[in-house]
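Peer 1:
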């Protein structure tokens with residue numbers, strides 16, 4: 006029998022060792038999850054200092070505690086354990102809970118392993134997935150599904166970052182920071198939201214970047230907010246793609262200084278399934294971009310196509326929200342600037358008022374840009390580039406681009422709001438209540454004047470309802486309990502609501 010050469014024996018041995026190591030690692034080795042990087046923003050929340058939001062200037066090294074949450078345990082318990090500056094890492098699994106963060110500088114980071122996400126599932130029984138009132142909150146890498154109210158809601162928290170989340174069918178809103186300053190919403194995917202997928206409400210200095218929104222009523226909505234940049238988003242198959250407008254009856258009365266830039270706004274022709282009577286229920290299907298009563302809005306370098314009603318609609322409150330009655334809201338869209346955009350194949354099946362108006366022009370097709378109602382000082386770079394209606398008073402744009410504005414965020418974190426007892430009711434109303442209740446206008450809940458009539462001279466009645474709400478009206482959805490608020494805050498906001506005057 007012929008003997009094997011020493012060389013072949015050596016090669017065979019090496020191969021056997023290699024196979025053994027591979028099998029050992031594959032079947033018995035631990036998964037390498039400890040290499041998950043600490044979020045860049047935890048080093049210091051000063052994203053506005055750089056053009057690249059993922060490479061942040063590090064003013065401070067992370068020195069907090071890392072708390073791990075594994076399948077079968079509670080994220081809320083980890084929040085209770087955490088101290089300001091800590092990082093909570095949540096591993097794959099299903100977590101059916103409401104997570105409330107009332108501490109500052111808490112970061113929640115999902116850990117995705119082999120395509121498995123940590124998933125918050127509300128089972129259509131829980132109102133909100135994440136609810137934060139702290140400052141410096143980071144929420145990233147979560148899948149959020151089947152909630153009744155909101156996916157992620159902020160209540161008066163500043164310096165927030167909401168990033169790389171997958172949010173599906175979470176009720177009224179997907180991502181809803183309210184009454185916050187200096188925030189970033191980026192790289193999220195949102196679908197099947199009954200109002201706005203991303204709703205920036207009564208905020209200042211917010212960047213909304215690189216998100217995909219589809220199959221919602223409203224894709225991205227900038228409402229009663231100032232200094233906002235909406236860039237590099239993909240809004241498709243919503244009822245309306247991008248919106249910048251004023252909702253009357255809210256404490257903040259204006260929307261201005263908004264840039265809509267480098268977005269894909271495509272085929273937003275979904276039927277409107279918003280709550281009857283709500284502001285968004287009036288958005289016509291086929292709306293690419295809607296600007297209503299907002300001032301100083303710049304529309305630049307977007308691809309806007311396939312929207313069956315119009316590409317861009319610019320209207321005043323009298324036209325867009327004729328039932329609104331707020332004498333303190335100035336209802337005209339002033340100083341809107343339309344720069345170079347790519348627009349084609351819009352207006353193929355106009356509806357409602359736009360259809361009727363275009364028929365008076367002996368045209369059955371809607372325009373790329375439709376302006377109707379009041380407003381002064383607006384301009385366009387090249388009117389002849391698009392099919393337009395109502396732009397006779399638009400002048401020549403005095404700028405060609407906005408490349409000198411890389412961000413609307415502040416250069417450094419803004420301080421938390423300092424709240425005295427006298428201001429507690431106002432802050433709670435702005436941060437918690439005003440997203441659903443307004444004077445003279447139906448949002449999600451009953452108008453504020455109805456609350457005043459029901460609970461006249463009875464603040465304790467409002468406190469009791471806030472703590473344990475009961476759905477007494479079929480024409481409004483159930484209100485989520487706000488029992489996490491302190492008794493002091495509940496009484497303060499109840500007294501504030503009853504004292505409010507329109």
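In our numbering, the protein residues as written are 6 to 507.
All C-beta atoms in this analysis are idealised placements derived from N, C-alpha and C, irrespective of residue type, glycine included.
1) Classify residue 365: buried if its beta carbon has 16 or more other beta carbons within 10 angstroms, exposed otherwise.
2) Rounded to a whole number of angstroms, what is the C-alpha to C-alpha distance between residue 93 and residue 390?
3) Measure the beta-carbon distance from residue 295 to residue 261 and round it to whole angstroms, keeping in mind my assumption that it falls under 8 Å.
4) Give every residue of the same chain whose Cβ lies closer than 7 Å to the Cβ of residue 57, excluding the five residues on either side of it in the sequence, and list them in chain order.
5) What are the start and end residues of the beta strand (DSSP E) that includes residue 380?
6) Leaving aside the five residues before and after residue 284 along the sequence, list all residues of the same chain whose C-beta is less than 6 Å from its C-beta, in chain order.
7) Run the CB neighbour count on residue 305, radius 10 Å, all protein chains shown included, and call it buried at 16 or more, exposed below.
8) Which same chain residues end up closer than 6 Å to residue 339 when comparing Cβ atoms and leaving out the 5 residues on each side of it in sequence?
9) Checking the sheet assignment: what are the DSSP bridge partners for residue 148?
10) DSSP puts residue 137 in a beta bridge; with which residues?
11) Given a threshold of 16 other Cβ atoms within 10 Å of its Cβ, counted over all protein chains shown, does residue 244 qualify as buried or as exposed?
12) With three or more C-beta pairs closer than 8 Å as the rule, is the stretch 163-172 touching the stretch 447-454?
13) Within 10 Å of its beta-carbon, does residue 26 have 16 or more other beta-carbons around it, so buried, or fewer, so exposed?
14) Distance, Cα to Cα, residue 236 vs residue 361?
15) Mapping the DSSP letters down to three states, classify residue 302 as helix, strand or coil.
16) Mind checking residue 146: buried by the 16 CB within 10 Å criterion, or exposed?
17) In chain order, what residues of the same chain lie with their CB nearer than 6 Å to the CB of residue 337, ignoring the 5 residues before and after it?
18) Alpha carbon to alpha carbon, how far is residue 124 from residue 202?
19) With which residues is residue 294 paired in a DSSP beta bridge?
20) Kindly list the residues whose CB is nearer than 7 Å to the CB of residue 87, restricted to its own chain and excluding five residues on each side of it in sequence; keep chain order.
21) Enumerated in chain order, which unbroken segments of the beta strand (DSSP E) with a length of 3 residues or greater are wholly contained in the stretch 180-209?
22) Could you pull out every residue in the same chain whose Cβ sits closer than 6 Å to the Cβ of residue 441, ignoring the five residues on either side in sequence?
23) Between the C-alpha atoms of residue 356 and residue 268, what's the straight-line distance to the nearest angstrom?
24) Which of the three DSSP states, helix, strand or coil, is assigned to residue 502?
25) With H, G and I counted as helix, E and B as strand and the rest as coil, what does DSSP make of residue 461?
26) Using C-beta distances below 8 Å, list every residue in its chain close to residue 501, excluding the 5 sequence neighbours before and after it, in chain order.
27) With a 10 Å radius around its C-beta and 16 neighbouring C-beta atoms as the bar for buried, classify residue 186 as buried or exposed.
28) Residue 164 and residue 132: beta carbons closer than 8 Å?
29) According to the Cβ coordinates, are residue 134 and residue 152 closer than 8 Å?
30) With the cut-off set at 8 Å, would you say residue 196 and residue 155 are in Cβ contact?
31) Enumerate, from N- to C-terminal direction, the unbroken alpha helix (DSSP H) stretches of 4 or more residues contained entirely within the stretch 75-103.
32) If residue 443 sits next to residue 248, beta carbons under 8 Å apart, how far is it from one beta carbon to the other, in whole angstroms?
33) If you follow the alpha helix (DSSP H) that residue 310 is in, where does it begin and where does it stop?
34) Give me whichever residues DSSP pairs with residue 212 in a beta bridge.
35) Could you have a look at residue 494 and say whether DSSP puts it in helix, strand or coil?
36) Look at residue 315 and residue 279 and say whether their C-beta atoms are less than 8 Å apart.
Peer 2: Concretely, from the data shown:
1) Start at 1 with the first residue of the chain shown, and residue 365 comes out as number 360. The residue in question, residue 365, is exposed, as its Cβ has fewer than 16 Cβ neighbours within 10 Å.
2) To locate residue 93, count along the chain shown from 1; it is residue 88. To locate residue 390, count along the chain shown from 1; it is residue 385. Taking the straight line joining both Cα atoms gives about 51 Å.
3) Locating residue 295 in the chain shown gives position 290, counting from the first residue. Locating residue 261 in the chain shown gives position 256, counting from the first residue. About 16 Å; that fails the 8 Å criterion.
4) By 1-based counting over the chain shown, the position of residue 57 is 52. Only weak support is given to the placement of residue 57: the predicted model assigns it a pLDDT of 41, under 50, and the question is left unresolved by the model.
5) For the purposes of this step, residue 380 is taken as the residue at position 375 of the chain shown. Taken as a continuous stretch (DSSP letters only), residue 380 belongs to no beta strand (DSSP E), as it is neither H nor E.
6) One-based indexing of the chain shown puts residue 284 at position 279. For residue 284, where only same-chain residues beyond five positions count, the Cβ hits under 6 Å are 252.
7) As a first step, residue 305 is located in the chain shown; it is residue number 300 there, counting from the start. Buried, by the Cβ-count rule.
8) In the chain shown, the residue the question calls residue 339 occupies position 334. Excluding positions up to five away in sequence, the list reads 300, 380, 381 and 382.
9) In the chain shown, residue 148 corresponds to position 143, counting from 1. DSSP, once it has assigned bridges, lists 124 and 171 as partnering residue 148.
10) Numbered from its first residue, the chain shown carries residue 137 at position 132. The partner list for residue 137 (beta bridge, DSSP) reads 106 and 159.
11) Residue numbering aside, residue 244 sits at position 239 when the chain shown is read from its first letter. Buried, because 16 or more other Cβ atoms sit within 10 Å of the Cβ of residue 244.
12) Under the 8 Å Cβ criterion, the stretch 447-454 does not count as touching the stretch 163-172, having fewer than three qualifying pairs.
13) Your numbering for residue 26 matches position 21 in the chain shown. Any reading at residue 26 is ruled out, since the residue's pLDDT is 47, under 50, leaving its predicted position unreliable.
14) As a position in the chain shown, residue 236 is number 231, starting the count at 1. As a position in the chain shown, residue 361 is number 356, starting the count at 1. Between residue 236 and residue 361, the C-alpha separation is close to 33 Å.
15) For the purposes of this step, residue 302 is taken as residue 297 along the chain shown, with counting starting at 1. Of the three classes helix, strand and coil, the one that applies to residue 302 here is strand, per DSSP.
16) In the chain shown, counting from the first residue as 1, residue 146 sits at position 141. Classification of residue 146: buried, given that the 10 Å Cβ count is 16 or more.
17) The count along the chain shown starts at 1 and reaches residue 337 at position 332. If the five residues before and after residue 337 are omitted, its C-beta is found closer than 6 Å to the C-beta atoms of 321, 379 and 380, all from its own chain and listed in chain order.
18) If you number the chain shown from 1, residue 124 lands on position 119. If you number the chain shown from 1, residue 202 lands on position 197. Computed Cα separation, rounded: 18 Å.
19) The residue given as residue 294 occupies position 289 in the chain shown. Looking at the DSSP assignment, residue 294 forms a beta bridge with 247 and 317.
20) Counting from one through the chain shown, the residue named residue 87 turns up at place 82. Counting only Cβ-Cβ distances below 7 Å, and skipping sequence neighbours, we find 72, 93, 108 and 111.
21) Runs of the beta strand (DSSP E) inside the stretch 180-209: 186-191, 194-196 and 201-206.
22) As a first step, residue 441 must be located in the chain shown, where it is residue number 436. Apart from the 5 residues on each side of it in sequence, residue 441 sits with its Cβ closer than 6 Å to the Cβ of 448, 449 and 450 in its chain, given in chain order.
23) Translated into positions along the chain shown, residue 356 becomes position 351. Translated into positions along the chain shown, residue 268 becomes position 263. Their backbone Cα atoms lie some 24 Å apart in a straight line.
24) Here residue 502 corresponds to residue number 497 of the chain shown, with the count starting at 1. Residue 502 carries a helical assignment under DSSP once its states are collapsed to helix, strand and coil.
25) Within the chain shown, numbered from 1, the residue matching residue 461 stands at position 456. Annotated three-state conformation of residue 461 is coil, per DSSP.
26) Your numbering for residue 501 matches position 496 in the chain shown. Counting only Cβ-Cβ distances below 8 Å, and skipping sequence neighbours, we find 430, 431, 433 and 434.
27) To locate residue 186, count along the chain shown from 1; it is residue 181. Counting Cβ neighbours within 10 Å, residue 186 comes out buried, since at least 16 surround it.
28) Residue 164 sits at position 159 when you count from the first residue of the chain shown. Residue 132 sits at position 127 when you count from the first residue of the chain shown. For the pair residue 164 and residue 132, the CB atoms are not nearer than the 8 Å cut-off.
29) On the chain shown, position 129 is the one that residue 134 refers to. On the chain shown, position 147 is the one that residue 152 refers to. In this structure, residue 152 lies closer than 8 Å to residue 134 by Cβ.
30) The residue labelled residue 196 in the question sits at position 191 within the chain shown. The residue labelled residue 155 in the question sits at position 150 within the chain shown. The criterion of a C-beta distance shorter than 8 Å is not satisfied by residue 196 and residue 155.
31) Runs of alpha helix (DSSP H) with 4 or more residues, each lying fully within the stretch 75-103, are found at 80-86, listed in chain order.
32) As a position in the chain shown, residue 443 is number 438, starting the count at 1. As a position in the chain shown, residue 248 is number 243, starting the count at 1. Contact flag wrong, Cβ pair sits at about 16 Å.
33) The residue given as residue 310 occupies position 305 in the chain shown. Per DSSP, residue 310 lies in no alpha helix (DSSP H) segment; the continuous beta strand (DSSP E) that holds it begins and ends at 308-310.
34) Residue 212 sits at position 207 when you count from the first residue of the chain shown. BP columns for residue 212 point to 189 and 234.
35) The count along the chain shown starts at 1 and reaches residue 494 at position 489. The answer is helix: DSSP assigns residue 494 an H, G or I state.
36) Along the chain shown, read from residue 1 onward, the residue named residue 315 stands at position 310. Along the chain shown, read from residue 1 onward, the residue named residue 279 stands at position 274. Going by C-beta atoms, residue 315 is not nearer than 8 Å to residue 279.
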